[in-house]
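Asker:
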Amino acid sequence: MRYIYFILLSFIYISRAAAQQATDKEYQARLNTIVARCDSYVVSENYDSLLMLARYGLSVCAPGDHHHLSALHFLCGNVIARSEVEKGIFHLQQALAYGQKAKDNKLIVQALSGLLYTYNNNSGYISQREDAFNMARSILETENNDTLKSDLYTALADYYSVAGNYEAEIQYLVKSLELDGQKLRNIQATNSDTVRYGVELMNIGNTYLHINNPEKGIEYIHRARHYLNTYQMGIIHFYKNLCDAYILKSEMKTAFAYYDSLHAFLIRSKVPAPAWSNKIANELSIADYYKGRGRADSALLFINKALITAEKYKQDDFTLSQVNYMAGEVFLQKKEYNQALSYLKAAEPFAKDWTADIYAGVLKAIGDCYYGMNQWYEAAGYYQKYIPLRDSIYTYAASQSLANAEARYQNNVKQQQIAAQDVQLSYAKKQRYGFIGGLTLLSLVVVLLMVIYRNKKRNAEALDEKNIQLQKLNAGLDEANRTKAKMFGIISHDLRSPINQVYQFLSLLQSKSDRFTPEQKKELSTRTQSATAALLSTMEDLLLWSKTQMDTFNAKKNNRYVLPIINQVIELLHLTAEA
3 MRYIYFILLS FIYISRAAAQ QATDKEYQAR LNTIVARCDS YVVSENYDSL LMLARYGLSV
63 CAPGDHHHLS ALHFLCGNVI ARSEVEKGIF HLQQALAYGQ KAKDNKLIVQ ALSGLLYTYN
123 NNSGYISQRE DAFNMARSIL ETENNDTLKS DLYTALADYY SVAGNYEAEI QYLVKSLELD
183 GQKLRNIQAT NSDTVRYGVE LMNIGNTYLH INNPEKGIEY IHRARHYLNT YQMGIIHFYK
243 NLCDAYILKS EMKTAFAYYD SLHAFLIRSK VPAPAWSNKI ANELSIADYY KGRGRADSAL
303 LFINKALITA EKYKQDDFTL SQVNYMAGEV FLQKKEYNQA LSYLKAAEPF AKDWTADIYA
363 GVLKAIGDCY YGMNQWYEAA GYYQKYIPLR DSIYTYAASQ SLANAEARYQ NNVKQQQIAA
423 QDVQLSYAKK QRYGFIGGLT LLSLVVVLLM VIYRNKKRNA EALDEKNIQL QKLNAGLDEA
483 NRTKAKMFGI ISHDLRSPIN QVYQFLSLLQ SKSDRFTPEQ KKELSTRTQS ATAALLSTME
543 DLLLWSKTQM DTFNAKKNNR YVLPIINQVI ELLHLTAEA
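As structure tokens, this is what we get:
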């Protein structure tokens, strides 16, 4: 898990350290493209392509381009150190030197972390490891960048892990966790920040498994799962570590459930071959569980599964040596010394690069095999190698006891701080989601207000148009009313008086007819007929005028003689004038 975490840190660092100041823009773009492609190979764990491209980048890199030289040497060293330690260390030292020339703390911390990791996991580099450790602590004292401080805490934690000082390891991991937890409370936190926090929780949980505290280990591993949704290797280690945890608790039913989940996830995700080493590690843990309970045949069943997995997915010599060591231990338990010796001797060359206690175990197991085969001289030779190494391990363990006690106390305090920090992170996430929800709601409200405003504006325009139409209708109605009043006034004025005179004359003619001579009657009758005709003509004119007041009638103006009109009016009023 630490190696995967180290690869993740490498990806984050290289993406930050790729900025260059070369004057040739084409060269700049070319090197940036190479580094970016290497980043993608780190994520996909395509190490062969990564190494090939990084070497090509070194071949075209300008001598004064310290930034790219540091980043590319780090990439090469990080991959090569897995199989060729000396060559890998050379590249990592070059990365450190170029980072110092560039005066870039990001590159320096990146290279230094790689060197510490390599020194920690390979024997024979004690002095170099101490120098790197002291340099990391020196940088840590003056570094203000929280991200770099977190990376240094993680590198120092790995140093203490290899040294067997798990309490100090947890203490440094917790410090790193606190710094990265502050980032997650920021609304600008990235996905890589979230994954990084989850990996650190996983590392703390894994450390608790090393000190045989599966309850705390399970607690941290489960908390890590929430932050690893997008990180495939993190999910793989989630299943692997939980299987190991429940093996420690002797809850094999649950352990097998996580073992099966790991196998299913590996197949479903189509992960690269190195990821299958996690399944092999679980199978060796299960074999060790059965070996510890004297069930050698059950242990061999899972060792065979591990061998099949290693062969099918072409695992490296380091993984195969672990399988060989466990197989040798099981056959030694069965007192099948020849088979045990063949497996242990195959593991011995690689065991030198493991931790001192495991290497001591290999030496003792080989000595026990020779002893069981009555080969006293060979047995004595391996016991002579084993005993001084065992004594040095015990001496170192005794010197660490006081430091561990103090670290344990500090660790309990830190656990409380982490629990409080998790509550704060949960609250911060709720705040973030609330803020996002509030923005979404506010956006919806703005959209709704815009829709309402648009509809209101549209309705107002329609209402204005209706009002204009109504005003026109009201104006027309008022005009019609005025026309009607005018027409009735004209009818009352121009028709009532003539008609009344005609009526009176006819009444007089009827009632006093004996007083008029025939000639007078004839003349009056003729005048009455003429007046009636004029009255009829006037009525027709009034009707015609009333039509002119309507919108559908357009009058046409013509020149007219006034005298005929005057004569017509005189004729109309003749009877009234005579009366």
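Each residue of the sequence shown is one higher than the one before, starting from 3 at the first, in my numbering.
The beta carbon of each residue, even a glycine, is placed where N, CA and C say it ideally should be.
Is it a yes or a no for the stretch 200-208 touching the stretch 224-242, going by three-plus beta-carbon pairs under 8 Å?
Answerer: Result yes; three or more Cβ-Cβ pairs closer than 8 Å.
Asker: Would you mind sorting M54 into buried or exposed? The rule is 16 or more other CB atoms within 10 Å of its CB.
Answerer: Locating residue 54 in the sequence shown gives position 52, counting from the first residue. By the neighbour-count criterion, in which 16 or more other beta carbons inside 10 Å mark a residue as buried, M54 falls on the exposed side.
Asker: Kindly indicate which three-state DSSP category I213 falls into: helix, strand or coil?
Answerer: Residue numbering aside, residue 213 sits at position 211 when the sequence shown is read from its first letter. Coil at I213, not helix or strand.
Asker: Which residues mark the beginning and the end of the alpha helix (DSSP H) in which Y260 is found?
Answerer: Translated into positions along the sequence shown, residue 260 becomes position 258. Counting along the chain, the alpha helix (DSSP H) containing Y260 begins and ends at 254-271.
Asker: Does DSSP put R456 in a helix, in a strand, or in coil?
Answerer: The count along the sequence shown starts at 1 and reaches residue 456 at position 454. If DSSP states are grouped into helix, strand and coil, R456 belongs with the helices.
Asker: Please classify H69: does DSSP put it in a helix, a strand, or coil?
Answerer: Your numbering for residue 69 matches position 67 in the sequence shown. Reduced to three states, the DSSP call for H69 is helix.
Asker: Restricting to Cα atoms, I'd like to know which of Y379, N243, G236 is closest to H212.
Answerer: In the sequence shown, the residue the question calls residue 212 occupies position 210. That would be N243, whose Cα lies nearest to the Cα of H212.
Asker: Which residues in the same chain as Y292 place their Cβ atom closer than 6 Å to its Cβ, once the five residues preceding and following it in sequence are excluded?
Answerer: Numbered from 1 along the sequence shown, position 290 holds the residue referred to as residue 292. Excluding residues within five positions, the ones whose Cβ falls inside 6 Å are S300, A301.
Asker: Report, in whole angstroms, the separation of the C-beta atoms of V364 and L346, which I expect to be a contact under 8 Å.
Answerer: As a first step, residue 364 is located in the sequence shown; it is residue number 362 there, counting from the start. As a first step, residue 346 is located in the sequence shown; it is residue number 344 there, counting from the start. Their Cβ separation, rounded to whole angstroms, is 6 Å, which keeps V364 and L346 in contact under 8 Å.
Asker: Take every Cβ of the stretch 99-113, pair it with every Cβ of the stretch 55-75, and state whether three or more of those distances are shorter than 8 Å.
Answerer: yes
Asker: Could you pull the start and end residues of the alpha helix (DSSP H) that K354 belongs to?
Answerer: As a first step, residue 354 must be located in the sequence shown, where it is residue number 352. K354 -> no alpha helix (DSSP H), and no H or E assigned at all.
Asker: Figure out for me which residue from A464, T196, T209, N188 has the closest Cα to the Cα of L175.
Answerer: The count along the sequence shown starts at 1 and reaches residue 175 at position 173. Nearest neighbour of L175 by Cα position, chosen from A464, T196, T209, N188, turns out to be T209.
Asker: What does the Cβ neighbour count give for A353, buried or exposed, with the cut at 16 atoms within 10 Å?
Answerer: Residue 353 sits at position 351 when you count from the first residue of the sequence shown. Counting Cβ neighbours within 10 Å, A353 comes out buried, since at least 16 surround it.
Asker: Is it true that the CB of S287 sits closer than 7 Å to the CB of I249?
Answerer: Here the question's residue 249 lines up with position 247 in the sequence shown. Here the question's residue 287 lines up with position 285 in the sequence shown. For I249 and S287, yes; Cβs fall inside 7 Å.
Asker: What residue does the alpha helix (DSSP H) around Y637 start on, and which one ends it?
Answerer: For the chain, the structure presents residues 3 to 581; residue 637 sits outside this window and is missing.
Asker: Starting from Y174, follow the alpha helix (DSSP H) in both directions and report where the run begins and ends.
Answerer: Walking along the sequence shown from the start, residue 174 turns up at place 172. Element bounds for Y174: 168-186.
Asker: To which residues of the same chain is V1 closer than 8 Å at the C-beta, ignoring the five residues directly before and after it?
Answerer: Since the first residue shown for the chain is 3 and the last is 581, residue 1 is missing from the structure and cannot be characterised.
Asker: Secondary structure at D393, three-state DSSP: helix, strand or coil?
Answerer: Here residue 393 corresponds to residue number 391 of the sequence shown, with the count starting at 1. D393 falls in the helix class under three-state DSSP.
Asker: Quick one: residues in its chain with C-beta nearer than 6 Å to the C-beta of V164, no 5 flanking neighbours on either side, listed in chain order?
Answerer: Translated into the one-based positions of the sequence shown, residue 164 becomes position 162. Within the same chain, V164 has close Cβ partners N122.
Asker: Can you tell which of D246, I438, I568 has its C-alpha closest to the C-alpha of E217?
Answerer: Taking the first residue of the sequence shown as position 1, residue 217 is located at position 215. Taking only the C-alpha atoms, the option nearest E217 is D246.
Asker: Please classify A165: does DSSP put it in a helix, a strand, or coil?
Answerer: Counted from its first residue, the sequence shown places residue 165 at position 163. Coil, per DSSP.
Asker: Less than 7 Å between the C-beta atoms of G90 and G101, yes or no?
Answerer: What you label residue 90 is simply residue 88 of the sequence shown in a count that begins at 1. What you label residue 101 is simply residue 99 of the sequence shown in a count that begins at 1. No, the pair does not count as a contact, with Cβ atoms beyond the cut-off.
Asker: Do you know offhand how far R84's Cα is from N284's?
Answerer: Here residue 84 corresponds to residue number 82 of the sequence shown, with the count starting at 1. Here residue 284 corresponds to residue number 282 of the sequence shown, with the count starting at 1. Cα to Cα, the separation comes out at about 21 Å.
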